[in-house]
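Residue numbers for the sequence shown follow the numbering used here, beginning at 2 and rising by one. Okay, structure first, notes after.
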Amino acid sequence: VPTATIEPEAGSATLAGCVAKTIDATASEGGAVKFGCSGSGVLGLDNSGKTIPQTNYAIPAGAIYISPAGSDKNSNSVDGNDSNNGLTIDKPVKTINTAITKVPSGGTIVMRGGEYRDWHNSGSNIIFEGKSFNLQAYPSESPWFNGADVVSTGWASAGTNIWSRTWETPDFCGPGQYYLPVEGGKTPFAPNLTSFATSCVYGDSVKDSTTVAGDPQNVIINGKKLAQVPSKAQVNANTFFYDWNARKMYIGQNPTSNTVELAKRTQAFMLNKGDYAIKGIGFKNYASGGSGGGNWTINSTVFINEPKSSVIENSVFVDNSYAGLGYSRPKDGKSSITNSVFAYNGYAGLHANGSRSAGGRDDFTIEGNVFNTNNDQSFDIKCSGACGAANVKFNNMIGFTAKNNIVENAKAGGYGLWCDINCNDGVMVNNRVINNAKVGIFYEISQGGIIASNLVVDNGQDGIGVTAANTKVYNNTVVFDRGSDPQARGINIFDDNRASICWGDPGIGPDTKDVELANNVVYAKNGGELSASIDSREVGGRDCPPNTTTNTKASEFYNVFDYNAYHRNASNAAFYVWRYDNGNIDFGIRSTAAFTNATGWDSHSIDESGSTDTFFKDQANGDYTLKTNSQPYTNKGKAIPADVAAKLGIPANSVLPRGAISWPQ
Numbered sequence: 002v003p004t005a006t007i008e009p010e011a012g013s014a015t016l017a018g019c020v021a022k023t024i025d026a027t028a029s030e031g032g033a034v035k036f037g038c039s040g041s042g043v044l045g046l047d048n049s050g051k052t053i054p055q056t057n058y059a060i061p062a063g064a065i066y067i068s069p070a071g072s073d074k075n076s077n078s079v080d081g082n083d084s085n086n087g088l089t090i091d092k093p094v095k096t097i098n099t100a101i102t103k104v105p106s107g108g109t110i111v112m113r114g115g116e117y118r119d120w121h122n123s124g125s126n127i128i129f130e131g132k133s134f135n136l137q138a139y140p141s142e143s144p145w146f147n148g149a150d151v152v153s154t155g156w157a158s159a160g161t162n163i164w165s166r167t168w169e170t171p172d173f174c175g176p177g178q179y180y181l182p183v184e185g186g187k188t189p190f191a192p193n194l195t196s197f198a199t200s201c202v203y204g205d206s207v208k209d210s211t212t213v214a215g216d217p218q219n220v221i222i223n224g225k226k227l228a229q230v231p232s233k234a235q236v237n238a239n240t241f242f243y244d245w246n247a248r249k250m251y252i253g254q255n256p257t258s259n260t261v262e263l264a265k266r267t268q269a270f271m272l273n274k275g276d277y278a279i280k281g282i283g284f285k286n287y288a289s290g291g292s293g294g295g296n297w298t299i300n301s302t303v304f305i306n307e308p309k310s311s312v313i314e315n316s317v318f319v320d321n322s323y324a325g326l327g328y329s330r331p332k333d334g335k336s337s338i339t340n341s342v343f344a345y346n347g348y349a350g351l352h353a354n355g356s357r358s359a360g361g362r363d364d365f366t367i368e369g370n371v372f373n374t375n376n377d378q379s380f381d382i383k384c385s386g387a388c389g390a391a392n393v394k395f396n397n398m399i400g401f402t403a404k405n406n407i408v409e410n411a412k413a414g415g416y417g418l419w420c421d422i423n424c425n426d427g428v429m430v431n432n433r434v435i436n437n438a439k440v441g442i443f444y445e446i447s448q449g450g451i452i453a454s455n456l457v458v459d460n461g462q463d464g465i466g467v468t469a470a471n472t473k474v475y476n477n478t479v480v481f482d483r484g485s486d487p488q489a490r491g492i493n494i495f496d497d498n499r500a501s502i503c504w505g506d507p508g509i510g511p512d513t514k515d516v517e518l519a520n521n522v523v524y525a526k527n528g529g530e531l532s533a534s535i536d537s538r539e540v541g542g543r544d545c546p547p548n549t550t551t552n553t554k555a556s557e558f559y560n561v562f563d564y565n566a567y568h569r570n571a572s573n574a575a576f577y578v579w580r581y582d583n584g585n586i587d588f589g590i591r592s593t594a595a596f597t598n599a600t601g602w603d604s605h606s607i608d609e610s611g612s613t614d615t616f617f618k619d620q621a622n623g624d625y626t627l628k629t630n631s632q633p634y635t636n637k638g639k640a641i642p643a644d645v646a647a648k649l650g651i652p653a654n655s656v657l658p659r660g661a662i663s664w665p666q
């Protein structure tokens, strides 16, 4: 079985298959644009992940039909039966194993609506599948792969309003791995482990003793996922406890009068080196997880390894224990994800590792998707290896485009949109990045990025973070609240203490240099006074010999730094943070005029202060469109470079109001 590893941390699109499309590409100069299929929620998608976008795909000749049976159906299909040939709508097969066996290479499997409590397996374990195939929903129906089973028997009272039953899952976190104790009898997902990695987690990625984030157990009652707690005493109607030693499950609702589902399967698919399409399909309640041991193929509900091509569209990944969807090397510009929802997954919505080590390009596209409340299990990102709790986490990606996405509400230590470890040519444009627990957009130890026309609001730490070379940051609107975190900064450009010459790791990207920072609007609210941060954190690189100065200084960071617009409550507080060359003190500079005088940068930027919002039409109600009489609207920015303009779909050298040009709404 092949494995894939992720190296440790050292104009709008017309979306195929939608029943209806609501596209408005006419807005410009700071107006919001609505993309995607019509319906509820932003982008016309259900942000909760509870419903699958309705589709109407043509059914090709020779397709294999598959249907659930009995109460798992939600359509008028006949019951699926694996003795059928699957070639006609009235003779569907029942299991995905049979459907894949019957479908010819490159053929199509058509799924009728309902619950498929299924996975592609060898009997007890997930298997890699190398055959190419398309998986699509029957028109106007909603097929769900469900990692949980209804468990209605075997329960007994275990106290007042508590019920329990024996529940064994030996193959969680890898075949035969789940019940292997660590560190003198601890569970493999215990918090504050000293081990670098166990079968379930990286040891220090779960640091809060009151959580059980690394345990892939999942309980759903009447369609609602319950929160796991670390003791029986904490069980109530909305929580569950799993006694790993006794192998017993405890719940706080009577199973005789409620529908109880327990996670049983770890993944739905592991797809390997073929051509794949997944269209109009939902994936929920899988007990994914187990990357702590270094085998990242098992951390995602659907894992796709080095596909020749892949298309994910109009699909949903929700309530899975670890990551919803994972990729290794989505190469050659032939993989894309569009109009899909990734919500409430325990660790991350989407993980993808690119081709930097193997060679070649990825040119991976994610466009018009919703990523909402991932890292739902509250993993920590301050860990020593492979930290990746986020709505979206890329590594080693050589070319990618993240465009017109909603990226919001990543919990606890979760980042929003993040690419790390020598990513190249990363494009992040026209995204709405809101209310993520840590950094909104982070381009880390990488190069050649374009971060433009993003709306970035109320993220817990930095709105936009850049530790990268040759990266252009243009026309973003960043709103932040310093009161939410004393380290919060609107835009943070810095060089950290890693250097490949000292670490001996070519994955450590180039030092921060030749950044362009222009036409951005940065608004500090509710006492937040630090609107832009520019510093060099280290003079010498980590593990370097004494007196080695490998890291860049603040004076080396920029090619362009001008035509920005700032608003803050008070004019007498530190505004810029700047570390002078060969120094180790951060200087707080209180005005744009003083900063320009000291550095020569930002001479055409706007610096406003006061309690009245002079920039946005209706910030209180989430409208960040610029007022037409505001300074950043009337006092236009610098000409937008051709490469940035091309990614935004506007003419080269356009001169527009400052801040984001368009974003999904």
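For glycine and all other residues, C-beta sits at the position ideal for the given N, C-alpha and C.
Distance between S572 and E609, taken at the CA atoms: about 8 Å.
By the Cβ neighbour-count rule, N425 is buried, with 16 or more other Cβ atoms within 10 Å of its own. The residue among K208, T56, I101 with its C-alpha nearest the C-alpha of P140 is T56. With respect to the 8 Å criterion, L44 and I65 are not classified as neighbours on the basis of their beta carbons.
D364: not part of any alpha helix (DSSP H); DSSP gives it neither H nor E. Assigned with DSSP and collapsed to three states, Y348 falls in coil, not helix or strand. Straight-line spacing of the CA atoms in A599 and A643 works out to 30 Å. Under the criterion of beta carbons closer than 8 Å, T260 and V151 qualify as touching, at roughly 6 Å.
Fewer than three beta-carbon pairs drawn from the stretch 373 to 389 and the stretch 328 to 336 are found closer than 8 Å, and the two stretches are therefore not classed as touching.
K412 is the residue among D47, K412, R113 whose C-alpha sits nearest the C-alpha of Q462. Inclusion of V319 and V342 in the CB contact set at 8 Å is warranted, their separation being smaller than that value.
For G510, the number of other beta carbons within 10 angstroms of its own is at least 16, and it is reported as buried. Bounds of any beta strand (DSSP E) do not take in D644; it lies within the alpha helix (DSSP H) bounded by 643 to 649. By the C-beta criterion, the stretch 457 to 476 is judged to be in contact with the stretch 490 to 499, since at least 3 inter-stretch pairs fall below 8 Å. Counting only residues of its own chain and dropping the five nearest sequence neighbours on each side, D119 has a CB closer than 7 Å to the CB of T96, I97, F146.
Using a Cβ distance threshold of 8 Å, S316 and I282 count as a contacting pair. Rounded to the nearest angstrom, the gap between the Cα atoms of N471 and Y444 is 11 Å.
If you ignore the 5 residues before and after G441, its C-beta comes within less than 6 Å of the C-beta of G417, V434, V457, N460, G464, all in its own chain and listed in chain order. Cβ contact annotation for V428 (same chain, cutoff 6 Å, sequence separation greater than five): T402, I451, K648, in chain order. The straight-line gap separating the alpha-carbon atoms of Y243 and Y251 is approximately 6 Å.
By alpha-carbon distance to Q268, the top candidate from D619, S301, K249, E409 is S301.
In the DSSP annotation of this structure, the continuous segment of the beta strand (DSSP E) that includes Y567 starts and ends at 566 to 569. When only Cα atoms are considered, L326 and G350 end up about 7 Å apart.
By the CB criterion at 8 Å, C420 and S447 fall inside the cutoff. For V220, DSSP records a beta bridge to L263. For Y180, the closest alpha carbon among the candidates D216, G204, N237 is that of D216.
Comparing alpha carbon positions, the residue from A159, V371, D363, N636 closest to F616 is N636. At the C-beta level, V94 and K103 come within 8 Å of one another. Note on geometry: alpha-carbon atoms of A264 and F173 lie some 10 Å from one another.
Among the bridge pairs identified by DSSP, A59 is matched with none. Within the DSSP bridge table, the entry for D150 names L263 as partners. Comparing alpha carbon positions, the residue from V236, Y203, G177 closest to N162 is V236.
According to DSSP, Q488 shares a beta bridge with no other residue. Of all alpha-carbon atoms in D73, G389, V430, N521, the one lying nearest the alpha-carbon of R659 is that of N521.
DSSP places P144 within a strand segment (E or B) once states are collapsed to three. Boundaries of the beta strand (DSSP E) around N135: 134 to 138.
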